[in-house]
Each structure stands twice: as C-alpha cells, then as structure tokens.
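Q: For the sequence shown, this note's numbering assigns the number 34 to the initial residue and increments by one for each residue that follows. This is the structure, below, for whatever I ask next.
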Amino acid sequence: MPETSGTPYAIIAMGVSGCGKSSIGLRISEALGTQFVEGDQLHPASNVEKMSKGIPLTDDDRMPWLDLIGQTMKASLDRGQGIVVSCSALKRIYRDRLRKAVNGNLFFVYLSGSKELLTKRMGERKGHFMPPSLLESQLATLEVPTGEPGVVTVDIDDTIGGIAKMALRDLKSLGIA
C-alpha cells in the first residue's frame, strides 16, 4: 500500500480509450488540488502517428512513453507535490513499471465500462487521434487490475461528476483526500 501520511502521492486514471481518463483525472486533480497531466500528450509523435492510422501500439512502443510518465510523476513528487495523470496502463507490467518509477507511491483509479458504452463514447469524441477501431485491441491487451495494491475500480456508467465522486470516495478509503 502506498504511503500517504504527509507524503505527496501520484494517482493514475487508467483504462481503455473512451473510459474518461482525462475528464475524471482532471476532476480528481481539481478536488485534491494537485497538478493534472494528460498522458496522451507525452506520447512520442511516432506513437500518435501509429494510433492515428489504426495501428495498435506494441510493448516496445509504450515503454518510452511509460518511462516519461514515470519521470513526470517522480519529478512532481520530488518537488513535494502530488500529481494526477491519465494513462491507459493496460498491463500489470506497465503498472509495475510506473510504481517503480515513484517508489510505489502510486494509486490507480481503474475506469471500467462495457464495450458498448466505450464504443458509444469513442464515437462521440471529436478531434482525438485514437480511432474507435483500436478499442478492440485495447480490450484484448487490458489486464484488469483487480486485487493489485492501491487500485480502486469505478464503473463509468454515470456522469463525469458522479464517476469522479465515486473515485474520490474510494480513494479516501485508501487514505487519500
């Protein structure tokens, strides 16, 4: 379990594309008074280009991006500031890599939803580089984080405000907020 007593902490809003990572992560950061970083903005141009063309990323594609997210979180914690980041963090090895980057002082909010709801939300987005066609590969890659330390799972079949409220309630049960 990550330590929170007086120590700043990092939170990742995670899940597949269309689950609301950015919207929920931003709401959580506002509620906690921490910085929010949109993880998609840290992708190298080559990753964005691949995804824009409907080509799924490989582990090799994701590792430099995950390392940059880890460095961003660590820098914030080293300054004594908490941080919330949106990041798909689809596999356990990715989450463990991120935990290691911040010496375990990391919580995850896993945003869980049905394929139908995710597909609908992705179809409604405007101007995002991730096409709905990649949802299937993300769902196939996803290793659900149930049972991992410092993870709360929140169902996304609600409003942004309702989802954020549930996430904050569950984070509080882990010692945050």
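Where is the CB? At the ideal position from N, CA and C, for every residue including glycine.
#1: Could you please give the first and the last residue of the uninterrupted alpha helix (DSSP H) stretch that includes Glu169?
#2: Applying the 10 Å Cβ sphere with the 16-neighbour rule, what's the burial state of Asp111?
#3: Quick check: the Cα distance between Ser119 and Tyr127, rounded to an integer number of angstroms?
#4: Using the C-alpha atoms, what's the distance from Thr192 back to Asp92?
#5: Go ahead and pull the three-state DSSP assignment for Gln74.
#6: Looking only at its chain, what residues have a beta carbon closer than 8 Å to the beta carbon of Ser79, apart from the 5 residues adjacent to it on each side?
#7: Does the structure place the stretch 66-79 close enough to the stretch 166-183 that three or more beta carbon pairs sit under 8 Å?
#8: Just to confirm before moving on: does the CB-CB distance between Ala134 and Met47 stay below 8 Å?
#9: Restricting to Cα atoms, I'd like to know which of Asp129, Val117 and Pro89 is closest to Asp100.
#10: Could you give the residue range of the beta strand (DSSP E) that holds Ser119?
#11: Do you know offhand how far Met106's Cα is from Arg125's?
#12: For Leu90, does the count of other Cβ atoms within 10 angstroms reach 16, so buried, or fall short, so exposed?
#13: Quick one: which unbroken beta strand (DSSP E) runs of 3-plus residues sit fully inside the stretch 54-113? Chain order, please.
#14: Please name the residue or residues paired with Ala43 in a DSSP beta bridge.
#15: Looking only at C-alpha atoms, which of Val49, Ser62, Gly51 and Ser56 sits nearest to Phe140?
#16: Can you look up Leu201 in the DSSP assignment and give me helix, strand or coil?
#17: Are the CB atoms of Leu175 and Lys148 nearer to each other than 8 Å?
A: Let me spell this out:
#1: Segment Leu168 to Thr174, the alpha helix (DSSP H) holding Glu169.
#2: Answer is exposed; the Cβ neighbour count stays below 16.
#3: Distance between the alpha carbons of Ser119 and Tyr127: 13 Å.
#4: In this model, Asp92 and Thr192 are separated by some 32 Å (Cα to Cα).
#5: Helix.
#6: Excluding residues within five positions, the ones whose Cβ falls inside 8 Å are Asp94.
#7: Judged by Cβ distances under 8 Å, the stretch 166-183 makes no contact with the stretch 66-79, as fewer than three pairs qualify.
#8: Cβ distance not < 8 Å, so Ala134 and Met47 don't count as in contact.
#9: For Asp100, the nearest C-alpha among the options comes from Asp129.
#10: Residues Ile116 to Ser119.
#11: Straight-line spacing of the CA atoms in Met106 and Arg125 works out to 18 Å.
#12: Buried, by the Cβ-count rule.
#13: Segments of the beta strand (DSSP E) lying fully in the stretch 54-113: 68-71.
#14: Ala43 is bridged by DSSP to Ile116 and Leu139.
#15: It is Ser62 whose Cα lies nearest to the Cα of Phe140.
#16: In this structure, Leu201 counts as helix in the three-state DSSP scheme.
#17: The Cβ atoms of Leu175 and Lys148 do not sit closer than 8 Å to each other.
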